[in-house]
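These notes concern the structure reproduced below.
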Amino acid sequence: DQQVKQNSPSLSVQEGRISILNCDYTNSMFDYFLWYKKYPAEGPTFLISISSIKDKNEDGRFTVFLNKSAKHLSLHIVPSQPGDSAVYFCAATPPVISGSARQLTFGSGTQLTVLP
Amino acid sequence: NAGVTQTPKFQVLKTGQSMTLQCAQDMNHNSMYWYRQDPGMGLRLIYYSASEGTTDKGEVPNGYNVSRLNKREFSLRLESAAPSQTSVYFCASRVLAGATSGANVLTFGAGSRLTVL
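So the sequences go chain by chain: A and B. Mind the numbering: the first sequence is residues 5 to 120 in my numbering, read in order. Mind the numbering: the second sequence is residues 684 to 800 in my numbering, read in order.
Here you go:
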């Protein structure tokens, strides 16, 4: 049972346009969400995050939106650039339980291709 | 500024062989993790070490063992490799296992691609 789902395995967007990557989750205990980007033959790198007390977080061209009632988050990239072509993973984590670690649950990833 | 270093980058094994994937971080992080990435499955946690001296099972621990050798190093061992363990393995670390937002950010190594024939 996947608690974090990315239902679109791939997305193609023209350079300069908006890219919207979506992620759904089922565990209502999740309270912190992250997006990672992964290039071929490299490890994932952290991109942007959002706490459940917010509904939006911006960092330059990247904005993450959180809709807690729908258990849905999205990553917007504006404008999209060819260098943004990568696999994007969303991840979620619940509050820490005393003495335990705060684990990340990852989605299956979306391959974004930005066409020049 | 190495970050997280994994060795080897590539390995081919025959069914039943054993091997150890090595991971070292130079960021003085307390927590270390082993993930595997499979098509359509995303990243799944195999084992983690919240702090030096502790290890715990993740989502998919069967067929694996780990050793937290010291604060820097965390190894993953396959005692008797199976074709189902063909995957890309990622080691990761972060400052703390706990609650603060910044400590949630994992730093990943470049990955180790393992093929079991």
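C-beta atoms are modelled at their ideal positions from N, C-alpha and C, and glycine is treated no differently.
{"Asked": "Exposure label - B:L800; buried when at least 16 CB within 10 Å", "Found": "exposed"}
{"Asked": "Nearest residue (CA-CA) to B:W717, options B:S758, B:V778 and B:L797", "Found": "B:S758"}
{"Asked": "Reduced DSSP secondary structure (H/G/I, E/B, other) of B:Q768", "Found": "helix"}
{"Asked": "Which of helix, strand or coil DSSP assigns to A:D88", "Found": "helix"}
{"Asked": "Buried or exposed (CB count within 10 angstroms, at least 16 for buried), B:I729", "Found": "buried"}
{"Asked": "Chain A contacts made by the segment 698-726 of chain B, where a contact means CB separation under 7 Å", "Found": "S714, G723, M724, G725 and L726"}
{"Asked": "Interface residues of the segment 31-53 of chain A facing chain B [CB-CB below 9 Å]", "Found": "Y36, L38, Y40, K42, A45, E46, G47, P48, T49, F50 and S53"}
{"Asked": "is_contact[A:G64, chain B] using C-beta, thresh 8 Å", "Found": "no"}
{"Asked": "Alpha-carbon to alpha-carbon, B:Q708 and B:F791", "Found": "10 Å"}
{"Asked": "Simplified DSSP assignment, three categories, for A:G111", "Found": "coil"}
{"Asked": "Enclosing beta strand (DSSP E) for A:F34 [first to last residue]", "Found": "No beta strand (DSSP E) holds A:F34; DSSP gives it neither H nor E."}
{"Asked": "Pairwise C-alpha distance: B:S734 and B:M710", "Found": "14 Å"}
{"Asked": "Spatial distance of A:Y36 from B:S776 (CA atoms)", "Found": "18 Å"}
{"Asked": "C-beta contact flag for A:P86 and A:G20 at 8 Å", "Found": "no"}
{"Asked": "Chain A within 8 Å of B:V788, Cβ atoms only", "Found": "yes"}
{"Asked": "A:V91 vs A:L77 beta-carbon contact at 8 Å", "Found": "no"}
{"Asked": "Closer than 8 Å at the beta carbon, the chain B residues around A:Q107", "Found": "L728, Y731 and G741"}
{"Asked": "Inter-stretch contact (C-beta, 8 Å, three-pair minimum) for the segment 23-38 of chain A and the segment 5-13 of chain A", "Found": "yes"}
{"Asked": "Chain C contact residues for A:S112, given Cβ-Cβ distances below 8 Å", "Found": "Protein chains in the displayed structure are A and B, and chain C is not among them."}
{"Asked": "Where A:Q7 falls: helix, strand or coil (DSSP)", "Found": "coil"}
{"Asked": "Any chain A beta carbon closer than 8 Å to B:A793", "Found": "yes"}
{"Asked": "Three-state class that DSSP yields for B:V743 in the structure shown", "Found": "coil"}
{"Asked": "Outcome for B:Q720 when other beta-carbon atoms lying within 10 angstroms are tallied against a minimum of 16", "Found": "buried"}
{"Asked": "N- and C-terminal bounds of the beta strand (DSSP E) containing B:M710", "Found": "Counting along the chain, B:M710 falls outside any beta strand (DSSP E), and DSSP gives it neither H nor E."}
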